[in-house]
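In my numbering, the protein residues as written are 1 to 878.
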RNA sequence: GCCGAUGUGGCGAAAUGGCAGACGCAACGGACUUAAAAUCCGUUUCUCGUAAUUGGGAGUCCCGGUUCGAGUCCGGGCAUCGGCACCA
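See the structure below:
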């Protein structure tokens, strides 16, 4: 293979500087109280979403966000901040376990190898992480605290009075297990046979597992749940105080799916109620429905229960028993996917019983239908076909009566059929004439007064299914005794999983940990919980551990947490980063990662954080004050990168050919950080050419091919033009880093380099600040050239990492004269050069004196002249 | 179906309501070279025109509006991408 000659010797100095940073621990950030800690500096916590160390190594998508944060980290350091910029490994997960099933190699070994590979790749890109803070979620020293936090959640409840998590001791009731934030429930769960585990709703995409794409079926199982729904309101409300993309906030709001409405009780009509086989259990038996439109109660002409609703068995009359059984059998044979297929026609069966509409006293039939889901609301609805699309479709199919009870504005009663918006109540007794919001209020008050219902709030969000039937995850710090669960004492942590030879899932839903009977046996009477936690557990709090990763006494030291997670107004914020000024809460100052975690990690972590906050373990109610999503990088063909398409770009190859600096700069030069954009090797080459030109500004090559300091750089006074060329990028690069517009920052530096290329002499006073600007983007070449200049001149001391970020001098940016565009009716007709100090009248006079303009204006009437100082003049003629 | 984002040269993209296309890629021409690579210089939105230039016209997905002036603001479409999807 004939190696291309390198345009500059990055292959020599890049590893050299990486080794130097490592040896000198240049980027280590001391904690408050540690030697070398400077309390006078503001803090800045800039965080990446830590990766799962897969066997295939880094792809070019990872370093996109990582480069962005590295630029910010290096920049904020040069601006005089204490910068926390850590990296770690989210290493529990399926791939290592599945590899173990195939080969017998323990997941810990696989994980160790993959971490080593990832780490060396990240180091080769020159990221300025504080590696002393490296963490790994599979390390017992780490997951000891994951288990500890679980115990805190387990030993807490949500007090509806205070709307906060509180220790279970403050709960006065008789059955604490019914209110714990971590509880066991027998619920229909997403079971994936192929993976041998249950999955959270968030992990199921179109009826398939997010990992692997295997079929997922609903199946009732006994599982650990976390009561995230209790925090629904706060998870929505406190989004307001965060500087996050609106689209992500919206995604979370929609996922939580808060809807205000009412629960309404429909009593069962007498006589036909109970089939003889089941004796009445409750004389006041009623069906409770949830609706967001209690104002349409008078229009409810039937009730629908979910087929799985527990009252169905009690209420079905003998003559409908057969039809109901048949319908339920049909439903259960259908896959989740078929059931939710929207184009499907409505189906359902009358169960023979009637309910009583509490408002109209009418008896209305009770049906079951699969368009009513057991998992939302109360699993029962009132059918209001006049004002609900689905109900209308159902009523038309089964010839149920349709009443119009809301009139749309400007439409007749007839025309209002199917109207689902806000209007005016009609045919609704006491509600007639009221607007929809008024009617809602009134009917809820009436229902509450009569004990027929109450106003309530429901969420689409389900409690978080928290257990998995896997080996490679955190064991629960829980034991079972006589059918009851109990927490292990903190002194038992960490609970380490047993050594196994066979990692295979049992296939029955019994977790692999159960195979080790010795491990399972905790005492004569007690057995260990054998489920493990989902992969998300470790990432729910890793950003806290980074603040104090070596602490074995506490999950994070109080002082370290309150320092690094502090928020605006504490005096610890850097003066820069204006965006953060909009944040109401503290937390990580800048968090960069992909959109794919919008409703998974980012919601779970906020939930855990709030529990820890309520219990007084952390100082802020939210973990991440500012979030930015980087866009996906596509292959050269504009398609998503994938092995099967053969369009995957490997960072190692790019770095070998063009160097780490070129790789970093290209990733940032491609386009706006948040945008999806295709890779281009030609583009990398272009950026590499730019860096080579930078190199040749300072260095020159002799006949033998050796690089030596060039004589072009001289300690001379820059002239006015050179000062402008130097100070324009100081201003632009600074503001562009603040707004994360790295592509235009690089453009501006290219302009500087183009201007100095071929200049016989480059002032040292221009080169020095330029190298500092370049340093966050291309730290190796900037460090090397800085050191080269140090060899020859004595105008600066130490490495570039110890310098101060330059400040633009506006005086050098102002021109004496500016070119002004002259428009006639908005079209450019001429340009004139005027003094910067020229007044509007002077400019007008100069413009009107222009022979060209005079010629064009001949015979025309001037209606108006608009003068924009320093920019243009627009002459409006009739 | 609902919600959101995006739409600018051959390509990646820039443009506080004020010269559309900065910067880069590709392409073309030139210098250097025995030659090539590398490097450097120049041209490059489309179109009409001129012996020549500081020449004319059109142009930011489409249709309308606001404005002296719109890629940018407003209204209505279309297209692409992403999320949710019988959520009562």
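Glycine is no exception: its CB is placed at the ideal position from the N, C-alpha and C atoms.
Note that the structure is a prediction, hence the values are computed from the model and not measured.
Pop quiz: residue i and residue j are said to be a contact at Cβ under 8 angstroms. What is the actual Cβ separation, rounded to whole angstroms?
i           : j           : result
residue 470 : residue 210 : The Cβ separation is near 15 angstroms, so there is no contact.
residue 743 : residue 671 : 6 angstroms
residue 458 : residue 348 : About 22 angstroms; that fails the 8 angstroms criterion.
residue 900 : residue 95  : The displayed coordinates of the chain run from 1 to 878. Any statement about residue 900 would go beyond what the structure contains.
residue 805 : residue 723 : At roughly 18 angstroms, the Cβ-Cβ gap does not stay under 8 angstroms, so residue 805 and residue 723 are not in contact.
Could you check where the alpha helix (DSSP H) with residue i kicks off and where it finishes?
i           : result
residue 255 : 246 to 256
residue 330 : 321 to 332
residue 684 : 681 to 698
residue 95  : 94 to 103
residue 743 : 742 to 756
residue 232 : 232 to 237
residue 539 : 536 to 539
residue 313 : 311 to 315
Give every residue of the same chain whose Cβ lies closer than 8 angstroms to the Cβ of residue i, excluding the five residues on either side of it in the sequence, and list them in chain order.
i           : result
residue 796 : 768, 786, 789, 790, 803
residue 602 : 248, 252, 624, 627
residue 173 : 179
residue 417 : 386, 392, 402, 404
residue 563 : 31, 32, 43, 547, 572
Consult DSSP for residue i and reduce its assignment to one of helix, strand or coil.
i           : result
residue 547 : coil
residue 496 : coil
residue 387 : helix
residue 873 : strand
residue 657 : helix
residue 880 : Since the displayed the chain opens at 1 and closes at 878, residue 880 lies outside it and no answer follows.
residue 878 : coil
residue 69  : helix
residue 574 : Annotation note: pLDDT 46 at residue 574 (below 50); position unreliable, no value reported.
residue 627 : strand
residue 652 : helix
residue 293 : coil
residue 49  : coil
residue 491 : helix
residue 201 : helix
residue 569 : With a pLDDT of 49 at residue 569, under the threshold of 50, the modelled position of that residue is not reliable, and no figure is offered here.
residue 883 : The question about residue 883 has no answer, for the chain in this structure spans 1 to 878.
residue 665 : helix
residue 764 : helix
residue 465 : strand
residue 644 : coil
residue 898 : Outside the displayed span of the chain (1 to 878) sits residue 898, for which this structure offers no information.
Can you tell me whether residue i is buried or exposed? The criterion is at least 16 other CB atoms within 10 Å of its CB, across all chains shown.
i           : result
residue 890 : Lying outside 1 to 878, the shown extent of the chain, residue 890 is not represented and no answer is given.
residue 531 : buried
residue 223 : buried
residue 593 : buried
residue 630 : buried
residue 843 : buried
residue 1   : Its pLDDT being 31, under 50, residue 1 is placed unreliably in this model, and the value from its coordinates should be taken loosely. Its Cβ having fewer than 16 others within 10 Å, residue 1 is exposed.
residue 144 : buried
residue 39  : exposed
residue 864 : exposed
Which residue comes first and which comes last in the beta strand (DSSP E) that contains residue i?
i           : result
residue 863 : 862 to 868
residue 823 : 817 to 824
residue 830 : 827 to 835
Using a Cβ-Cβ cut-off of 6 angstroms (strictly less than) and excluding sequence neighbours within five positions of residue i, which residues of its own chain qualify?
i           : result
residue 692 : 7, 8
residue 462 : 201
residue 716 : 763
residue 183 : 225
residue 75  : 737, 776
residue 439 : 295, 425, 431
residue 395 : 385, 402
How about residue i: is its Cβ closer than 7 angstroms to a heavy atom in the ligand COA?
i           : result
residue 137 : With respect to small molecules bound, the structure shown includes none, and the ligand COA cannot be examined in it.
Considering only residues of the same chain and omitting the five flanking positions on each side of residue i, which have a CB-CB separation below 7 angstroms?
i           : result
residue 567 : 583, 585, 586, 587, 620, 625
residue 480 : 526, 527, 529
residue 328 : 307
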